[in-house]
Amino acid sequence: MATKLLAICAVSLIAKGNSTCPETKYLVSGKRPIPDEYLTASSELHPENSFYEDHSPGRSRLDTKGIYINGIWLSGGWSAQTSDDQQWIQARFWDLSYITGIVTQGRNIGKGSALYQRVTSYQFHFSQDCVKFVTLRDPNDDNEIFPGNTDQDSHVTIMLPSPVRALCVRIQPVTWVEHITLRFDVLGCSCGSVLCLINCYCDNCTNCGTECQCTCPKYCERKGASHSCFADGTCRYGCTENHYGPVCDKKCSPYCAISSTGDVCSNDGSCLYGCVANHYGSQCKHICPMNCALVDNRTRCDDKGVCVDGCAPDFFGRQCNNPCPTNCAAGANGSMCDQQGVCVHGCANDHFDRKCSNLCPTSCAPVAGGSRCSDSGSCTMGCIAGYSGDTCEPSIKISEESVSRYKSGMIESLIVAVTVVALVTIAVMICFLRKKRLTCTDVVNRSMSDRTGPAELNQHSIDTFNACCTLGTHREEAELLLISDNQHSIDTCNAYCNFDTHRDEAERLLISDNQHNMDTCNA
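The sequence shown runs -19 to -1, 1 to 504 under mature numbering (1 follows the signal peptide of the UniProt record, and there is no 0).
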């Protein structure tokens, strides 16, 4: 079939104010209201634990009332799921239209309600293809911020400085009270009513008078409607006969599987029922990997390209695009590795490990016609000179067990040495104390046998000498004093030697004592 050239029907006219529209209408809910499916939003409120409330974009029409019907609460406005500046609501018109103004309301909830939800300012976006949107700008070239509502039910109407041409419009709230909730409509007229001011993308443009009458693309689905396309030529109800795209000018992939009803692909070209054998992808344009195993003439891969029956010999991976490791040993039949790349027949070329990626130790003894080591790395025929063990480590290498025994011996030797030093120290102290005691006894014995001393030495003198001996540094003086000692001297010496604990008594004795007694105590 010859392709028809698209003709452009256009009349030059500058739009000023409302002069582009002979009659301004409500484009959302006017005489020709758009269906609910033409109203969409970034999100809609779904209250927690509630399945019986409707806050959908379809509730956003101007003057919609909140009402309770058949157990379901129908909200008086569209409400976003979350309140932030990324929320929006969108309307698509029947045809490309001129937009002259916007009308908004808050949420209708009924008298006596404590809810005051409304949008107090917003931005306005428009698009001729419902894909690329343009934001209205102010004289300073900033995004225009339009005032919203001050109550729930009053109409606030904003007239645009200059009409804009659009197929879709969006309202994006900037500020709000309590929660983003909105009712709205758009003022304007269909471009068909303004003497073909739009570019009518038609294969036949007849009667550029009050309307652009166009022949819609051949493969637009009609569904019994008089017009199967919009004024811009895009198909209103999708495509027929295995075509897709906005104007149904693209054919579905020949590798899409065909259903019993004849459907093949969706409006974006994706195959609805999968692919024919050995193809994959959303549009089945890709051929299954060549290394997928072929079993009983079934398809080699799934719709993601993953091989369904494993790989051809000597390949592995989800798509079988990895060759088996080069050092895998070859078997009598079958693949050298499994689907994870593990060598199934062991290793060749003096390698070991699951994937034969490690080289056998060079200290292993060579093996004629075979590998030096096993799959675990142990040398199969022993070691070359100077090496030993399963993996042929150097013979002089100290084992961990030897190191452990050496450390234990060092600790035991240190304990013995400390014990010996302690015992020697104790023995020396004992000898010193015994020697000191024996010395004092010798002095007493010599004093008792001295010819120049008194005929008798009573027990008190011995006790006095022993007490004074504890002073430790005046042995000779003590020997002389013991010769002429008396009871008074004993008391004085004892008191003086315990001066810290018998201060008062020592002072009394020392006052009445003679110089001889003082010398005695000093000794």
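Virtual Cβ for every residue (Gly too), placed ideally from N, Cα, C.
Owing to the predicted nature of the structure, the values given are computational and were not obtained by experimental measurement.
Start-to-end residues for the beta strand (DSSP E) that takes in residue i
i: residue 355; result: Counting along the chain, residue 355 falls outside any beta strand (DSSP E), and DSSP gives it neither H nor E.
i: residue 108; result: 99 to 108
i: residue 164; result: 162 to 171
i: residue 362; result: Unbroken run through residue 362: none, as it is neither H nor E.
i: residue 148; result: 137 to 158
i: residue 15; result: Neither: residue 15 is in no beta strand (DSSP E) and is coded neither H nor E.
i: residue 48; result: 48 to 50
i: residue 55; result: 53 to 55
Closest Cα partner of residue i within the set the options
i: residue 106; options: 73, 386, 6; result: 73
i: residue 47; options: 90, 12, 341; result: 90
i: residue 261; options: 141, 170, 230, 234; result: 234
i: residue 14; options: 151, 123, 144, 167; result: 167
i: residue 98; options: 333, 150, 154; result: 154
i: residue 39; options: 67, 12, 71, 256; result: 71
i: residue 349; options: 331, 157, 358; result: 331
i: residue 26; options: 278, 45, 68, 44; result: 68
i: residue 356; options: 24, 328, 373; result: 328
i: residue 130; options: 84, 143, 111; result: 84
i: residue 283; options: 297, 257, 359; result: 257
i: residue 141; options: 122, 123, 117; result: 117
i: residue 221; options: 210, 203, 211; result: 203
i: residue 264; options: 223, 278, 16, 276; result: 223
i: residue 33; options: 295, 41, 50; result: 50
i: residue 232; options: 242, 319, 291, 247; result: 247
i: residue 28; options: 414, 37, 397; result: 37
i: residue 295; options: 311, 281, 412, 289; result: 311
i: residue 165; options: 136, 299, 12; result: 136
i: residue 376; options: 397, 403, 386, 344; result: 344
i: residue 286; options: 293, 300, 407, 198; result: 300
i: residue 353; options: 370, 369, 333; result: 333
i: residue 10; options: 410, 388, 75, 404; result: 75
i: residue 149; options: 119, 66, 114; result: 114
i: residue 66; options: 23, 17, 79; result: 23
i: residue 41; options: 53, 54, 17; result: 17
i: residue 79; options: 119, 169, 7; result: 169
Strand pairing of residue i, partner residues [DSSP]
i: residue 22; result: 70
i: residue 297; result: 303
i: residue 85; result: 137, 165
i: residue 34; result: 54
i: residue 128; result: 102
i: residue 374; result: 369
i: residue 340; result: 332
i: residue 80; result: 145, 169
i: residue 345; result: 364
i: residue 242; result: DSSP lists no partner for residue 242.
i: residue 115; result: 107
i: residue 309; result: 328
i: residue 225; result: 231
i: residue 7; result: 168
i: residue 2; result: DSSP output for residue 2 lists no bridge partner at all.
i: residue 59; result: 163
i: residue 42; result: 165
i: residue 268; result: 260
i: residue 282; result: 288
9 Å Cβ cutoff met for residue i and residue j
i: residue 100; j: residue 152; result: yes
i: residue 200; j: residue 244; result: no
i: residue 125; j: residue 104; result: yes
i: residue 77; j: residue 171; result: yes
i: residue 214; j: residue 228; result: yes
i: residue 144; j: residue 81; result: yes
i: residue 358; j: residue 347; result: no
i: residue 237; j: residue 216; result: no
i: residue 102; j: residue 156; result: yes
i: residue 87; j: residue 123; result: no
i: residue 280; j: residue 259; result: yes
Quiz prompt | Any 3 or more C-beta pairs closer than 8 Å across the segment 159 to 167 and the segment 61 to 68 | solution = Under the Cβ criterion (8 Å, minimum of three pairs), the segment 159 to 167 counts as touching the segment 61 to 68.
Practice problem: Decide if the segment 271 to 280 is in contact with the segment 243 to 251; the criterion is three or more beta carbon pairs, one per stretch, under 8 Å apart. | Solution: Not touching, per the Cβ criterion.
Quiz prompt | Three-pair Cβ contact test at 8 Å for the segment 326 to 337 versus the segment 299 to 308 | solution = Flag = yes, the segment 326 to 337 and the segment 299 to 308 touch.
Quiz item: If we count Cβ pairs, one from each stretch, closer than 8 Å, do we get three or more for the segment 308 to 325 versus the segment 360 to 369?
Solution: Touching, no.
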